[in-house]
Amino acid sequence: MKLRAIVTVTAALLLAAAPDLMAGTIEGTVNAPDTSKVVVFVEDVSGSFNGQRAKLDQQNKVFTPYVLPVVQGTTVEFHNSDNLQHNVFGVGDDEFDLGNWTKGIVREHTFNKPGEVVILCNVHPEMEAYVLVLENPFFARPNDGGKFSIADVPAGEYVVRAWYKGKTKKKKVTVPASGTATVAF
Ligand SMILES: [Cu+2]
-15 MKLRAIVTVT
-5 AALLLAAAPD
5 LMAGTIEGTV
15 NAPDTSKVVV
25 FVEDVSGSFN
35 GQRAKLDQQN
45 KVFTPYVLPV
55 VQGTTVEFHN
65 SDNLQHNVFG
75 VGDDEFDLGN
85 WTKGIVREHT
95 FNKPGEVVIL
105 CNVHPEMEAY
115 VLVLENPFFA
125 RPNDGGKFSI
135 ADVPAGEYVV
145 RAWYKGKTKK
155 KKVTVPASGT
165 ATVAF
């Protein structure tokens, strides 16, 4: 009886774990003038995902990186690495103003609403960046050659989007239970 109970419990654990094992990789390429300004992300992946911490810097009057993809709930630290005052405010799907500050001080904002937020500095009108607030961590930045890879995506059919400077292109992708789906933007 005891052995049978162990076998039953083991089988139940294996069944519970099975959906997680059915996951594939989305690989592909993006053709854009500047692939450092591209984010590829997967829409509507079931599950609950926690935000992390992330960093957006201001160096030589440029926001770095230009586009920061985060999972909703992420707290972004805004740094100032310049010997002058910067300001940070956000417009779009989340609006806030962190005020002005000098080198070495860090201010932060938690992004709870999915969407796109333009990050601006009212001291330097030419400064611009984006925070993409996504619903899941299945996103990637392409490398210099435009190649990207998103691993461990649960098997299923998805819309995958490539974001570039405020615009997106979308493709449908079927992720297999194991192996790779490919997509080209
Ligand atoms: Cu500035």
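If you number the sequence shown the way this note's numbering does, the last residue is 169 and the count never jumps.
Every residue gets a Cβ at the ideal spot worked out from N, C-alpha and C, and that includes glycine.
If you're wondering where the values come from, they're calculated on a predicted model, not measured in any experiment.
1) Compare the C-alpha of N170 against each of E119, T166, F132 and name the closest.
2) Under the criterion of a Cβ to heavy atom distance below 8 Å, does K45 qualify as lining ligand 1?
3) CB of H70 to nearest heavy atom of ligand 1: below 8 Å?
4) Which ranges would you report for the beta strand (DSSP E) in the region 75 to 132 if only whole runs of at least 3 residues count?
5) Specify the secondary structure class of V45 as computed by DSSP and reduced to three states.
6) What's the C-alpha gap between G83 and R125?
7) Once DSSP output is grouped into helix, strand and coil, what is the label at K21?
8) Which class does M(-15) belong to by DSSP, given the choice of helix, strand or coil?
9) Would you report the Cα separation of R145 and I89, rounded to the nearest angstrom?
10) Are the Cβ atoms of E226 and A38 separated by less than 9 Å?
11) If A139 sits next to A7, beta carbons under 8 Å apart, how far is it from one beta carbon to the other, in whole angstroms?
Once the coordinates are examined:
1) Lying before the first or after the last residue shown, residue 170 is absent from the chain, which here runs from -15 to 169.
2) Here residue 45 is taken as the residue at index 61 of the sequence shown, counted from 1. At least one heavy atom of ligand 1 is nearer than 8 Å to the Cβ of K45, so yes.
3) Here residue 70 refers to the residue found at position 86 of the sequence shown. For ligand 1, at least one heavy atom lies less than 8 Å from the Cβ of H70.
4) 80 to 85, 91 to 95, 99 to 104, 112 to 118
5) The residue labelled residue 45 in the question sits at position 61 within the sequence shown. Here the sequence assigns Lys to residue 45, which means Val is not the residue at that position. Note: K45 maps to coil in three-state DSSP.
6) Position 99 of the sequence shown holds residue 83. Position 141 of the sequence shown holds residue 125. Answer to the nearest angstrom: the Cα atoms are 30 Å apart.
7) The count along the sequence shown starts at 1 and reaches residue 21 at position 37. In this structure, K21 counts as helix in the three-state DSSP scheme.
8) Here residue -15 refers to the residue found at position 1 when the sequence shown is read from its first residue. With a pLDDT of 48 at M(-15), under the threshold of 50, the modelled position of this residue cannot be trusted, and the question is left open.
9) Against the sequence shown, residue 145 aligns to sequence position 161. Against the sequence shown, residue 89 aligns to sequence position 105. Straight through space, the alpha carbons of I89 and R145 are spaced by roughly 35 Å.
10) Because the chain in this structure spans residues -15 to 169, residue 226 falls outside the shown range and cannot be described.
11) Position 155 of the sequence shown, counted from the first residue, corresponds to residue 139. Position 23 of the sequence shown, counted from the first residue, corresponds to residue 7. The Cβ separation is near 6 Å, so the contact holds.
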